[in-house]
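Engineer:
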Amino acid sequence: MKKTMKKTLLVLVLVASVLALSFNLLACDKPEAPEEKAAFAIPESLNINIELSNGYESLGTITKDVLKDVEQRQVTMTTTNDFDTTTSRVYVAYKLTDILDELDIDVTVDNVNSIASDNKAISAANITNAYITIGEVQDGAFVEDDSAPRYISDSTSTSSKTVNKKLDKVVFNYAYNLSVHMTQGDKTNDIVVPFTDFAEVERITHDYVKDGVTTKYDGFNLKDILISMGKFTKTGEPFPFITDYTSVGFVCSDDKAGEDHSARVFTKAEIESAESYIRIVKDGNTARSFSDLGEPTEGAKTYRHRLKKITKIIVNGEDAATLEISWVAA
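As structure tokens, this is what we get:
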């Protein structure tokens, strides 16, 4: 009887020891709760009045009162500028998607532009890692920032060009116009497309699919660009600059000297046909072409239907002209 009791006691002691060890191991494996950081007060001297819009449609305004109800975060970025100077900062910021939620704004974003008070614009494809800052943290203390509010277009980037100072506006799905400097003989004209006072021109969107991924490009049909080249006479009559031409070609920034691109053209009949399209669209700071016409002849490799880095449109024929193109905010 005594031996049985001793065995039972021993078993109980062993079980208790195992349970105690298990609890200790679980306690060791349990992750520590993240340290909650107290939110910093928004400086009274900081003016926050940031307009939000979808194209030309106003969506609302970001103010201090709005930010008070949005989760404050600390964003660490290490960026390098064009002079290879590297800077590390810890920004006190608010995630743009959180701000939109607070304002009850639901918008599909194909592109976004942050515009500073001096009109400097930074473009981005999305707002996944976008933030608006109110200051910095140095040695655990809040430090005011003379360039706040800043816009961080991508907090994962290492480029200083992804941060815009003194934010004034955030525009989703921003529209751009095509600025054309036309040289025709000894005359020059500066025209912005769409030049709606002279020609009816519509913006177009081209969906480019590659490897199952669709990229949207905005721009204009080539024929609309050509008919926009004109002016009104003193008597109010329309005077088009380009009507009698044979073909249109392109100059790209990566063309090499001595290369022959005379076959890299679209004929007048192709351009003015209602059965096909030739589109000049914005691609970063340059332009590119898309067309369903393909190559001019079988086996040719002009790539006229999908050129990149287009800087000039060359008009051939009686109304020969050179159109230097760039993109400007609408």
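Start counting the sequence shown at -7; every next residue gets the next number (the working numbering).
Every residue, glycine too, gets a C-beta built ideally from N, C-alpha and C.
1) If the criterion is Cβ atoms closer than 8 Å, does the pair Asn105 and Ala117 meet it?
2) Considering Val58, what are the terminal residues of the alpha helix (DSSP H) in which it resides?
3) Give the secondary structure of Asp137 by DSSP, where H, G and I count as helix, E and B as strand, and everything else as coil.
4) Is it buried or exposed, Asp21, if we count other Cβ atoms within 10 angstroms and call 16 or more buried?
5) I'd like the list of long-range same chain contacts for Glu264, defined as Cβ closer than 7 Å, with 5 residues on each side in sequence excluded.
6) Roughly how many angstroms separate the alpha carbons of Asn41 and Ala313, rounded to a whole number?
7) Quick one: residues in its chain with C-beta nearer than 6 Å to the C-beta of Ser109, no 5 flanking neighbours on either side, listed in chain order?
8) So Leu59 and Tyr86 are in contact, right, with Cβ under 8 Å, and what is the actual spacing, rounded?
9) Report yes if the C-beta distance between Pro141 and Ile119 is below 8 Å; otherwise report no.
10) To the nearest angstrom, how far is it from the Cα of Tyr123 to the Cα of Lys248?
11) On the CB-based measure, 16 or more other CB atoms within 10 Å of its CB, does Phe212 come out buried or exposed?
12) Ile317: buried (16+ other C-beta within 10 angstroms of its C-beta) or exposed?
13) Round the Cβ separation of Ser151 and Thr72 to the nearest angstrom and send it over; I've been treating them as touching at under 8 Å.
14) What is the rounded straight-line gap between the Cα of Phe164 and the Cα of Asp96?
15) According to DSSP, is Ser37 helix, strand or coil?
16) Evaluate the contact criterion for the segment 48 to 68 versus the segment 171 to 187: three or more CB pairs, one atom per stretch, below 8 Å.
17) When you compare only the Cα positions, how much space is there between Ala279 and Val135?
18) Can you list the beta strand (DSSP E) stretches of 3 or more residues lying completely in the segment 36 to 123, in chain order?
19) Assuming Leu285 is part of the beta strand (DSSP E), what are its boundary residues?
20) With distances taken from CA atoms, which of Pro232, Glu192, Thr148 is nearest Asp311?
Structural biologist: Taking the coordinates as given:
1) Here residue 105 corresponds to residue number 113 of the sequence shown, with the count starting at 1. Here residue 117 corresponds to residue number 125 of the sequence shown, with the count starting at 1. No; because the gap between Cβ atoms is not below 8 Å, this pair is not in contact.
2) Start at 1 with the first residue of the sequence shown, and residue 58 comes out as number 66. Secondary structure note for Val58: its alpha helix (DSSP H) is the uninterrupted segment 56 to 59.
3) Here residue 137 refers to the residue found at position 145 of the sequence shown. Collapsing the DSSP output to three states places Asp137 in coil.
4) Working through the sequence shown from its first residue, we reach residue 21 at position 29. Confidence is the limiting factor: at Asp21 the pLDDT is only 46, short of 50, which leaves the residue's position unreliable and the question unanswerable from this model.
5) As a working note, residue 264 is residue 272 in the sequence shown. Once the five neighbours on either side are set aside, the close Cβ partners of Glu264 are Lys215.
6) Your numbering for residue 41 matches position 49 in the sequence shown. Your numbering for residue 313 matches position 321 in the sequence shown. The straight-line gap from Cα to Cα measures roughly 46 Å.
7) Indexing the sequence shown from 1 puts residue 109 at position 117. Correct list, in chain order: Lys158, Asp160.
8) Against the sequence shown, residue 59 aligns to sequence position 67. Against the sequence shown, residue 86 aligns to sequence position 94. About 6 Å; that satisfies the 8 Å criterion.
9) The residue you call residue 141 lines up with position 149 of the sequence shown. The residue you call residue 119 lines up with position 127 of the sequence shown. No; because the gap between Cβ atoms is not below 8 Å, this pair is not in contact.
10) Translated into the one-based positions of the sequence shown, residue 123 becomes position 131. Translated into the one-based positions of the sequence shown, residue 248 becomes position 256. Their Cα atoms are separated by approximately 41 Å.
11) Here residue 212 is taken as the residue at index 220 of the sequence shown, counted from 1. It is buried - the Cβ of Phe212 has at least 16 other Cβ atoms within 10 Å.
12) Mapped onto the sequence shown, residue 317 falls at position 325. It is buried - the Cβ of Ile317 has at least 16 other Cβ atoms within 10 Å.
13) Here residue 151 corresponds to residue number 159 of the sequence shown, with the count starting at 1. Here residue 72 corresponds to residue number 80 of the sequence shown, with the count starting at 1. Yes, Ser151 and Thr72 are in contact; Cβ-Cβ is about 7 Å, under 8 Å.
14) The residue given as residue 164 occupies position 172 in the sequence shown. The residue given as residue 96 occupies position 104 in the sequence shown. Each residue's alpha carbon lies about 15 Å from the other.
15) Numbered from its first residue, the sequence shown carries residue 37 at position 45. Here Ser37 sits in coil by DSSP.
16) no
17) Taking the sequence shown and counting its residues from 1, one reaches residue 279 at position 287. Taking the sequence shown and counting its residues from 1, one reaches residue 135 at position 143. Ala279 and Val135: Cα-Cα distance of roughly 42 Å.
18) 41 to 46, 49 to 55, 65 to 72, 78 to 87, 104 to 108, 113 to 116
19) Reading the sequence shown from its first residue, position 293 is the one you call residue 285. That residue, Leu285, is in no beta strand (DSSP E); it is neither H nor E in DSSP.
20) Sequence index remark: in the sequence shown, residue 311 carries index 319 (1-based). Per the Cα distances, Pro232.
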